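All remarks here apply to the structure that follows.
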Amino acid sequence: MITDFDPKTTTGIEASRIAQRDVARRDERVFAIEADLGDCWGLAFAAEFPDRYRDFGIAEASAVGAAAGLAMHGKRPVLNTFGSFAIMRAAEQVRLDICYNNVPVVIAAMFTGVAAGFSGPTHHTVEDLAIARALPNMTVLAPADAASTYQATVAALAHDGPVYIRLGVEPGKPVYSVGEPFVIGKGTVLRPGRDLTIVACGLTIVPNVLEAADRLAAQGVDVRVIDMPSIKPIDQELLIAAARETAAVITVEEHSTIGGLGGAVAEVLGEHAPVPVRMLGLPDAFSKHVCSYDDQLAAAGLDPISITTAVLAFRSTAVRVPRSRS
Amino acid sequence: MIADDPLVDLRTTALALRRHVVHLAADSPGAHVGGSMSVVEILTALYFGDVLRIDPADPAADDRDYLIFSKGHSSAAFYAALAERGFFPVAELDTYKRPGSRLAGHPHRGIPGVELATGSLGHGLPVGVGLAIAGKHDRSRYRVFVILGDGECQEGSVWEAAMAAAHYRLDNLVAIVDRNGIQEDGPTEEIMALEPFAAKWEAFGWSVRDVDGHDIGALLNAMGTLPAVDSRPTVIIARTVKGKGLSLSENTHAWHYGKLTADQKATALAELAS
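Chains as they are written, first to last, in my numbering: chain U, 358 to 683; chain A, 923 to 1196.
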């Protein structure tokens, strides 16, 4: 049973929490592991399952290690904390306790990207995809909206291995309907197109890309939009087909352009279907701007208008448009 | 009281483990001799003194005691104990660190009897806390034993986990610290002082047993009635000698890691003949 939620106003964090609670109702193995951020939508789980809710305080090494220990004895723990604290503060615990021992811990990574706009770089998480996907045995997910995040959490809890899920913080516009299936390793063509392919991931970003696609269509550019929530394993088949059927690929993500979705896509296409690739994402720098989430995204060129402009520029400079279609 | 005869047998077992360590340190690229020799009686008591409720024929039994060997670098002694206890053939010890062997320098879960991959220090106790919480939740009878090095206790994660263990009243968790006083760079008290060590654990909410870590009878007494105090995790501080048993390796950090020459091996085996 899916607890009813409004995908327009529900954050990724909240959707994941609802999914954790729904799965916990039918699966006694599910535990919530906290590091003093349980008040980020975790209190309903705590109230319903006090015996399966364990807060380790401000001590991420302890929390990650204990999650691994619970998983070793057959539990299905979800570690709920900020992405940077899990994957960077406790990086070696994630690498060894979870990934090397290959135990099914789900890291529900809150406050990823620059969603904590005003908070500054200590609370931005812009390197996590690069780190997480370099870890053997780790599955890496970045769903596009609340509905997808719910399903991704359910899929992660059913997966027999470590999973890192990116949850952002803002609700973002809905892309999917509640209950649509989520399959690890699969991307989704959200919009068909022949001229160029945009591959995107994550809350806020995928809706922004869809809006950019509308703007591009109005200017006669027919872009294919692929949502790629499964960064690892990535949907190679879908990417290769898109590269062969369209002239070029542009990636969009709320992550450093080093090692994230763009890197993952380029690795596949470079080997199997070389086409011009452009990566839109966050610069290789700590943000110096004290500003809102929207302004952070705009400063990085990740708002719909900037994405539209970047696609047009990429198309005009890097892509030789076949004469038969121009 | 523990009868004399079993202790004689256990001392013989300890001697056999030390001889294995000598072979492994001489016939492989090298081994962590100092920490392997100091932990021998701790492993002997746990594996051969009827402390651990384990069955090598059923190493994944749901209610087994967990032993996490957090000072994974002392694998020579750990593997010797697992082999002698029957988790894998004793002859396999000859493959230690050889190409194609599963007996890597640091333990991993592909080796029968190894619960957790260790080697990077400070990982065992947090994982042990998770296992102990699972056991409490399931009302299982199993206990979780974690063997730590003393230098390892300079890692902050050990104290994060120590705090959590007391907070969650994990009296099914037992830490055993091989307090040999010497880490890779020298004496712990010169490199980064740990004392007052027992007081630190007490302050973190643990009940402390301080024993001679080479006295098997004392170790068995400390491990025999657990928890030491209800609702509290127990730490056994086992006072040991780094490199115990060999004149060349006792009380020095020079043999924290090394490869024994043929002459050193012969001398060592002679010293461990009885």
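By construction, the Cβ of each residue, glycine as well, lies at the ideal position given by its N, Cα and C atoms. Treat the numbers as computed from the prediction; the structure is a model and nothing was measured.
- Does residue 1028 of chain A get closer than 8 Å to chain U when you measure Cβ to Cβ? no
- Short CB-CB distance (under 8 Å) between residue 429 of chain U and chain A: yes
- Message: For residue 988 of chain A, report the span of its beta strand (DSSP E) as first-last.
- Response: 988-991
- Item | Interfacial residues, the segment 1100-1116 of chain A to chain U, with Cβ spacing under 8 Å | none
- In chain U, which residues lie less than 8 Å from residue 1034 of chain A when you measure between Cβ atoms? What residue 1034 of chain A touches in chain U: nothing, since even the nearest Cβ is about 15 Å away.
- Task: Within its chain, find whatever has a CB closer than 6 Å to the CB of residue 422 of chain U; leave out the 5 residues flanking it on each side and keep chain order.
- Result: 450 and 454
- Item | Integer-rounded CB distance, given that residue 955 of chain A should sit under 8 Å from residue 943 of chain A | 7 Å
- Task: Report the rounded CA-to-CA distance for residue 461 of chain U versus residue 476 of chain U, giving the unit in angstroms.
- Result: 32 Å
- Task: Could you check if residue 950 of chain A is buried or exposed, using at least 16 other CB atoms within 10 Å of its CB as the buried criterion?
- Result: buried
- Query: If you draw a straight line from the alpha carbon of residue 1005 of chain A to that of residue 1014 of chain A, how long is it in whole angstroms?
  - Reply: 8 Å
- Query: Can you name the residues of chain A whose CB is closer than 7 Å to the CB of residue 449 of chain U?
  - Reply: 1042
- Query: Which chain U residues sit within Cβ distance under 9 Å of residue 1045 of chain A?
  - Reply: 418, 422, 425, 449, 450, 453 and 454
- Item | Unbroken beta strand (DSSP E) run spanning residue 391 of chain U, endpoints | 387-391
- Using a Cβ cut-off of 7 Å, pull out every chain A residue sitting near residue 413 of chain U, in sequence order please. 1086
- Sufficient close CB pairs (3 or more, under 8 Å) joining the segment 1149-1160 of chain A to the segment 1116-1123 of chain A: yes
- Query: Where are the alpha helix (DSSP H) runs, 4 residues long or more, that stay fully inside the segment 1013-1063 of chain A, in chain order?
  - Reply: 1046-1059
- Query: Do residue 588 of chain U and residue 659 of chain U come within 8 Å of each other at the CB atom, strictly closer than that value?
  - Reply: no
- Task: Determine whether the Cβ of residue 457 of chain U lies closer than 8 Å to any Cβ atom of chain A.
- Result: yes
- Who are the near neighbours of residue 936 of chain A in its chain, counting only those whose CB is closer than 8 Å to its CB and skipping five residues on each side? 962, 963, 966 and 1138
- Query: DSSP on residue 412 of chain U, reduced to helix/strand/coil?
  - Reply: strand
- Looking at the C-beta of residue 1069 of chain A, does it have a partner C-beta in chain U at a distance below 8 Å? no
- What does a CB cutoff of less than 6 Å around residue 1130 of chain A pick up in its chain, not counting 5 residues either side in sequence? 1120, 1123, 1124 and 1157
- Item | Proximity of residue 533 of chain U and residue 497 of chain U at Cβ, strictly below 8 Å | no
- Along the chain, where does the alpha helix (DSSP H) that runs through residue 587 of chain U open and close? From DSSP, residue 587 of chain U is part of no alpha helix (DSSP H) but of the beta strand (DSSP E) over 587-589.
- Test: residue 408 of chain U CB closer than 8 Å to a CB of chain A: yes
- Just confirm the distance between the C-beta atoms of residue 1234 of chain A and residue 1068 of chain A, as a whole number of angstroms; I'd bet it's less than 8 Å. Outside the shown range of chain A, which is 923 to 1196, sits residue 1234 of chain A, and nothing can be said about it.
- Message: Between which residues of its own chain and residue 680 of chain U is the CB-CB distance below 6 Å, once the five residues before and five after are set aside?
- Response: The pLDDT assigned to residue 680 of chain U is 45, lower than 50, so where the model puts this residue is not dependable, and the model offers no usable value.
- Item | residue 432 of chain U: contacting residues in chain A (beta-carbon distance under 7 Å) | 1056
- Item | Cβ-Cβ distance between residue 537 of chain U and residue 576 of chain U below 8 Å | no
- Task: Measuring only between beta-carbons, confirm whether residue 1074 of chain A sits less than 8 Å from chain U.
- Result: no
- Query: For residue 629 of chain U, is the classification buried or exposed, using 16 other Cβ atoms within 10 angstroms of its Cβ as the cut-off for buried?
  - Reply: exposed
- Message: Which same chain residues end up closer than 8 Å to residue 683 of chain U when comparing Cβ atoms and leaving out the 5 residues on each side of it in sequence?
- Response: For residue 683 of chain U, the pLDDT reaches just 41, beneath the cut-off of 50, and the residue's location in the model is therefore unreliable, although a value from the coordinates is still provided. There are no such residues.
- Task: Pick helix, strand or coil for residue 441 of chain U, following the three-state DSSP scheme.
- Result: helix
- Task: Starting from the C-beta of residue 981 of chain A, find all residues in its chain whose C-beta is less than 8 Å away, skip the five residues before and the five after it, and write them out in chain order.
- Result: 1009, 1034 and 1035
- Burial state of residue 606 of chain U, where buried means 16 or more other Cβ atoms lie within 10 Å: buried
- DSSP state of residue 613 of chain U mapped onto helix, strand, coil: strand
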